[in-house]
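*Asks:* Input: one structure, supplied below.
Residue numbers (the UniProt record's numbering): 1 to 259.
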């Protein structure tokens, strides 16, 4: 049997019957709950209590929890920045997006669990992808390569930021600061690496580093390497013979939230 998919963005808006309560207010309060307690804490009943109304009042605005998650996800996409590449360089535009995405994930760590499970086809997501793909078009990428470049950048930011989110979660659970947690874990690392002297020596060498500074430098290093690689690919393409036309049956990469 074929699966039927639906989205809050493709159906007719519901007629509100709850005076004093609107969809924007519901989305703001849902985000506050998610930021404070995470995805597992979100329920229509709890959200209704925070809003001072019953869950039934929320259903006048959204059909179910899945629709609510679509709304909050698109609200988060609205926080991301993509500079107009026509007014700056494509690298600056891509970098500004990468840093804004990293900060968004720190502010809303629950988002990472929605990517790939909640359709990202709201107005903010569509505008974001339009601008990001245009950035790589301005750089010189053509066809699906524009989408591949955008997807690669997003995958880099998500992949390198996820361990940082986990680290911050551990900090919250232990009550230790970043450097304190690093120091507390070091004896375990020393013992685990005892049979690998070169690796143990490296761990010892960097025992006193500032963790947050190192993570920030690591993010910048990886981002620079990624952009250098994309630029090198452009330079090679510029000096190569024109490629054959793209396969019209090729499958395009997914939109954010669908990958």
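Glycine included, C-beta positions come from ideal geometry on N, C-alpha and C.
Residue 169: buried (16+ other C-beta within 10 angstroms of its C-beta) or exposed?
*Replies:* Burial call: exposed.
*Asks:* Excluding the 5 residues preceding and the 5 following residue 212 in the sequence, name in chain order all residues of the same chain whose CB lies nearer than 6 Å to its CB.
*Replies:* 178, listed in sequence order.
*Asks:* Find the nearest neighbour of residue 101 within the set 61, 8, 151, 38, judged by alpha-carbon distance.
*Replies:* Residue 101 has its Cα closest to that of 151, out of 61, 8, 151, 38.
*Asks:* Output the distance between the C-alpha atoms of residue 54 and residue 48, rounded to the nearest integer angstrom.
*Replies:* About 5 Å.
*Asks:* By the 10 Å Cβ neighbour count, where 16 or more other Cβ atoms means buried, how is residue 239 classified, buried or exposed?
*Replies:* Exposed: under 16 other Cβ atoms inside 10 Å.
*Asks:* Once DSSP output is grouped into helix, strand and coil, what is the label at residue 182?
*Replies:* Correct three-state label for residue 182: helix.
*Asks:* If you compare alpha carbons, which of 174, 153, 110, 216 is closest to residue 38?
*Replies:* Considering only alpha carbons, the answer is 110.
*Asks:* Return yes when the Cβ of residue 61 is within less than 7 Å of the Cβ of residue 14, no when it is not.
*Replies:* Yes. Within cutoff.
*Asks:* Give me the Cα-Cα distance between residue 167 and residue 158, rounded to the nearest whole angstrom.
*Replies:* Cα to Cα, residue 167 sits roughly 14 Å from residue 158.
*Asks:* Could you check the C-alpha separation between residue 137 and residue 45 for me, to the nearest Å?
*Replies:* Going from the Cα of residue 137 to the Cα of residue 45 covers about 46 Å.
*Asks:* Report the rounded CA-to-CA distance for residue 22 versus residue 59, giving the unit in angstroms.
*Replies:* So the alpha carbons of these two residues sit roughly 11 Å apart.
*Asks:* Just mark residue 73 as buried or exposed, buried being the case when its beta carbon has 16 or more other beta carbons within 10 Å.
*Replies:* Looking at its Cβ environment, which holds 16 or more other Cβ atoms inside 10 Å, residue 73 is buried.
*Asks:* Would you list, in sequence order, the uninterrupted alpha helix (DSSP H) runs of no fewer than 4 residues that lie entirely inside the stretch 94 to 137?
*Replies:* DSSP runs (the alpha helix (DSSP H)) wholly in the stretch 94 to 137: none.
*Asks:* Enumerate in chain order the residues of its own chain whose CB-to-CB distance from residue 65 is below 8 Å, with the five nearest sequence positions on each side excluded.
*Replies:* Here the set comprises 42, 43, 44.
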